[in-house]
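Here the structure comes first, spelled out in structure tokens, and everything after it is commentary.
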Amino acid sequence: MQQAAVNLALNDENEIRSVNGPPGTGKTTLLKDIFADLVVQQAAEIMQLSEKKIRGSLVYWQDAKLGVLPSSISDKNIVVASSNNGAVQNIVKELPKKENIAGDFQTQLDKADYFKDISNSELTGEGFGKNREIKSKLLNEENWGVFSLEGGTSTNINKLLLNIEAIEKELEGNYQAGRGESVYQEFSRLYDELKMEREKMQEYSENIYLLQKLKIEHKKQLVAFEQEEKRKRADIISQEEEVNRELDGLGQELVNLQKDGLNCSIEIENLINVQAQAERNYDVVISQKPSFLWFQKLFNKPKVEQYFKNLNKSNEHLNDLSNERTKLLNRRIKLEGGIRENAKKSEDAHKRIQDTKADFDRWMSNQQNDIEKLEQEISLLEKTKSQSGIKELDFSLSYDELQKSNPWFTMQFRKLQSELFISALKVRKQFLYENRRNLKAARIIWSNQSEHIGKENGYQLISESWQWLNFTIPVISTTFASFGRMFKNLNENAIGNLFADEAGQALPQASVGAIFRSKKVMVVGDPSQIKPVLTLDSNVLTLIGRYYKVDEKFVSANASTQTIVDATSQYGFQKNEDEWIGIPLWVHRRSDYPMFKISNEISYGGLMVQGKSEDESQGKSQWYDSTGKANDKFVKEQADLLKSMIDNRLREDPNLADEIYVITPFKNVADQLAHVLDELNFTKRENGKTTNVGTVHTFQGKEAQIVYFVLGADSDSSGAANWAVSEPNMMNVAATRAKGEFYVIGDKKLYASLGSKVVNKTISIIDDYNK
């Protein structure tokens with residue numbers, strides 16, 4: 002699902018989309034992939050420029066001009082925003098960290114040097130004009146470069162501009178300008194290499210698709226072949242039977258014809274003998290012709306009459322015999338014709354069956370050849386598949402295995418991607434060197450917006466100067482609360498890409514200005530975690546919605562930037578009958594059991610998948626029953642138990658101090674616990690705020706090895722207790738802050754009596770796990 006989300010974020014034509022990520026499912030990892038690709042795309046666009054140095058075109062002071070960063074590059078700039086200040090800080094701090102990067106690539110990043118020293122230094126600016134100096138104090142080597150910085154507040158903006166100024170100084174003084182061509186050539190080489198690798202992958206994908214088609218075709222052909230062979234064999238048997246019956250008939254007919262022929266020949270022979278006798282008789286009659294016939298006619302008429310009578314009779318007899326003979330001869334000719342015809346029919350019948358068998362043999366041969374060719378093609382593709390080392394998308398896998406699969410990619414492809422990203426940073430740095438004057442102009446304009454806004458091209462100047470700043474620092478973050486102030490002089494579609502993090506905590510009205518100013522928007526969050534904090538009574542909000550005829554999905558206590566963008570996203574998941582969410586991420590890699598199971602069952606319907614193996618994901622959890630009288634939800638006995646438990650853990654291993662969070666639903670309880678834990682020197686503070694003790698709301702997006710969830714409250718404050726556990730959100734967030742150990746401290750009887758499915762399920766899962 003991460004792959005689906007990345008592909009859609011980068012290639013989908015929709016301008017707004019959402020990703021719905023339960024805790025620990027890699028929302029930050031997802032953003033890293035997208036950010037890296039946008040950086041590579043920008044480098045690819047730079048390579049397309051015939052002239053890398055952008056000439057000034059916008060006058061900002063006297064003859065001084067600012068060059069316009071091409072929109073093909075600026076459209077890929079990145080701004081991250083959130084209502085949760087901790088979330089944007091986490092992203093900005095994590096992106097340039099070296100610790101999460103493999104050793105080989107750390108070395109390559111060091112060589113690329115995207116202003117590494119600046120990233121790890123404390124900067125101060127001294128003096129003005131030509132005497133201006135940027136002093137830096139190297140603090141550590143934690144970061145590989147200036148990839149992301151916080152904006153928003155004036156303090157953060159000043160720090161960001163100071164970083165830009167330090168980058169300008171480095172480009173002017175320390176950068177080896179002559180290596181530009183080699184930087185561009187390296188990027189082109191890697192880009193082409195990766196493109197070829199991708200095309201090979203695409204070809205492989207098409208081959209796999211073809212293999213699947215061929216297997217289906219092979220199966221269909223075999224079934225069709227077997228059925229047709231069976232039918233044809235049955236036809237041959239039927240034809241043979243029919244021909245045999247026909248031959249039997251012809252044989253009998255031949256016997257009859259031959260018998261008739263023999264009889265006819267006998268009859269003819271007999272007739273010839275009779276005819277010979279008749280001819281002799283005729284001759285006798287002729288010889289008996291009376292002498293002096295004319296005289297006899299006159300004087301012996303009876304004798305003559307008898308003679309003629311005998312003569313006529315003999316003649317008639319001869320004629321009859323001749324006719325009979327002709328008939329017999331004709332009959333014999335006909336019988337001989339019948340015998341020939343019978344022989345022809347027999348020959349035809351034999352030939353017909355031979356032809357049918359020959360046709361069948363040819364059909365069998367063709368079919369077997371076709372099937373053999375198909376099998377050879379399948380075999381070749383199967384061999385390619387077995388040798389490739391590439392795992393394609395396989396829907397026959399179990400749900401868990403399918404979700405954990407990483408189809409299509411090879412280690413080689415991933416390595417090339419990483420190398421290309423590092424090369425893209427070099428291209429970026431070289432491009433900045435060639436445009437250092439534009440960068441300086443952009444910083445000056447942005448630093449003095451009030452002086453430029455009144456000019457005819459004031460808004461354009463400020464907008465174009467922002468593009469240079471955002472290009473120099475690839476990822477700039479801000480809270481929604483500071484967005485309007487930071488970007489007050491930017492108009493619609495001035496920001497290339499807006500990524501709203503922890504958008505489930507962001508009120509719609511908080512993010513609308515940021516969305517208006519952005520060309521593309523991606524919101525990342527989870528409505529099943531902490532909801533937006535409303536400072537307005539929900540009933541008042543309902544009245545406002547009714548008055549202005551605005552649907553509740555936009556204006557209500559449950560509406561967030563995440564829920565609204567979820568509802569409009571083309572791609573997503575029908576979570577239930579009423580709820581459509583954006584692209585879901587399902588593979589959880591943070592929390593061990595039973596924390597994973599608590600979260601999965603109370604909030605995600607069992608759809609999350611444990612990314613770690615069973616052996617690697619066995620954690621610890623316990624509900625410590627602790628009762629006492631509550632003072633504004635704070636129970637001293639619970640605080641004492643917590644203090645004792647943490648004290649014992651730290652005595653065993655002092656290093657655990659950095660691995661423990663203390664979380665509670667209530668602000669007063671958090672404040673009181675912070676003071677109690679001060680006695681152990683456990684509580685940490687940054688800018689006056691505690692960082693390891695606090696309310697659930699302040700810890701979303703963070704994680705620790707060990708989490709203590711102190712519920713507070715007593716029977717007199719059961720309403721507050723019910724608020725804390727009536728919905729799964731708080732328990733879900735609290736449980737999933739813990740990577741390995743999760744301990745609940747609270748009045749077990751009180752919370753079990755509330756009828757909360759969340760509590761009952763949590764207790765049941767912990768008890769079952771410990772059994």
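Numbered by my numbering, the letters in the sequence shown go through residues 2 to 772 in order.
Don't be surprised by glycine CBs; every beta carbon is placed ideally from N, CA and C.
- When rounded, the separation of the alpha-carbon atoms in Val525 and Ser570 is 12 angstroms.
- The beta carbons of Asn159 and Lys99 sit about 26 angstroms from each other, so the pair does not count as a contact at 8 angstroms.
- Going by C-alpha positions, Leu651 is about 14 angstroms away from Asp679.
- In this structure Leu381 is exposed. Its beta-carbon is surrounded by fewer than 16 other beta-carbon atoms within 10 angstroms.
- Taking the CA atoms as reference points, Ser266 sits about 32 angstroms from Lys352.
- For Lys98, DSSP records a beta bridge to Asn144.
- Beta bridge pairing from DSSP links Gln575 with Trp581.
- In the DSSP annotation of this structure, the continuous segment of the alpha helix (DSSP H) that includes Val677 starts and ends at Lys668 to Asp679.
- Ranking Ile516, Arg686, Lys550 and Tyr662 by CA distance to the CA of Leu491 puts Ile516 first.
- At the C-beta level, Ile474 and Leu150 come within 8 angstroms of one another.
- A distance of 8 angstroms or more separates the beta carbons of Ser466 and Ile496.
- Phe635 is positioned such that its CB atom lies no closer than 8 angstroms to that of Ala721.
- When only Cα atoms are considered, Asn78 and Leu50 end up about 17 angstroms apart.
- Taking all protein chains in view, the Cβ of Met197 is surrounded by fewer than 16 other Cβ atoms within 10 Å, so the residue is classified as exposed.
- Phe410: not part of any beta strand (DSSP E); DSSP gives it neither H nor E.
- Trp469 sits in a helix when the DSSP states are folded into three classes.
- In the structure shown, Trp624 falls within a strand segment according to DSSP collapsed to helix, strand and coil.
- Nearest to Phe683 by C-alpha distance, out of Asn669, Ala725 and Pro655, is Pro655.
- In this structure, DSSP gives Met197 a helical state, which the three-state scheme calls helix.
- Remark: fewer than three beta-carbon pairs, one from each stretch, lie closer than 8 angstroms, so the region 563-581 and the region 703-712 are not flagged as touching.
- Annotation: the continuous alpha helix (DSSP H) that includes Ile35 extends over Lys28 to Gln49.
- Exclusion of the five residues before and after Arg437 leaves Glu169, Leu172 and Glu173 as the residues of its chain whose Cβ lies within less than 7 angstroms of its Cβ.
- Pairing Ser478 with Phe148, the inter-Cα distance amounts to about 11 angstroms.
- Put simply, of Val69, Gln43 and Tyr549 the residue whose alpha carbon is nearest the alpha carbon of Ile55 is Val69.
- By the CB criterion at 8 angstroms, Leu319 and Glu280 fall inside the cutoff.
- By the beta-carbon neighbour count (other beta carbons within 10 angstroms, threshold 16), Asp527 is buried.
- Residue pairing by DSSP puts Gln611 in a beta bridge opposite His589.
- Annotated three-state conformation of Gly250 is helix, per DSSP.
- Close CB contacts of Gly505 within its chain, under the 6 angstroms cut and outside five residues either way in sequence, are with Gly526, Asp527, Pro528, Gln530, Ser561 and Gln563 (chain order).
- Under the three-state reduction of DSSP output, Ile165 falls in the helix class.
- Per the DSSP secondary-structure output, Phe635 pairs in a beta bridge with Asn632.
- Contact annotation: Val89 and Val81 have beta-carbon atoms nearer than 8 angstroms.
- Unbroken beta strand (DSSP E) stretches of 3 residues or longer found wholly inside the region 502-547: 519-526, given in chain order.
- For Val286 against Asn311, the beta-carbon gap comes to about 5 angstroms, under 8 angstroms, which counts as contact.
- Unbroken beta strand (DSSP E) runs of no fewer than 3 residues, entirely contained in the region 332-389, are not found.
- In its chain, beyond the 5 residues on either side, Lys77 have a beta carbon closer than 6 angstroms to the beta carbon of Gln42.
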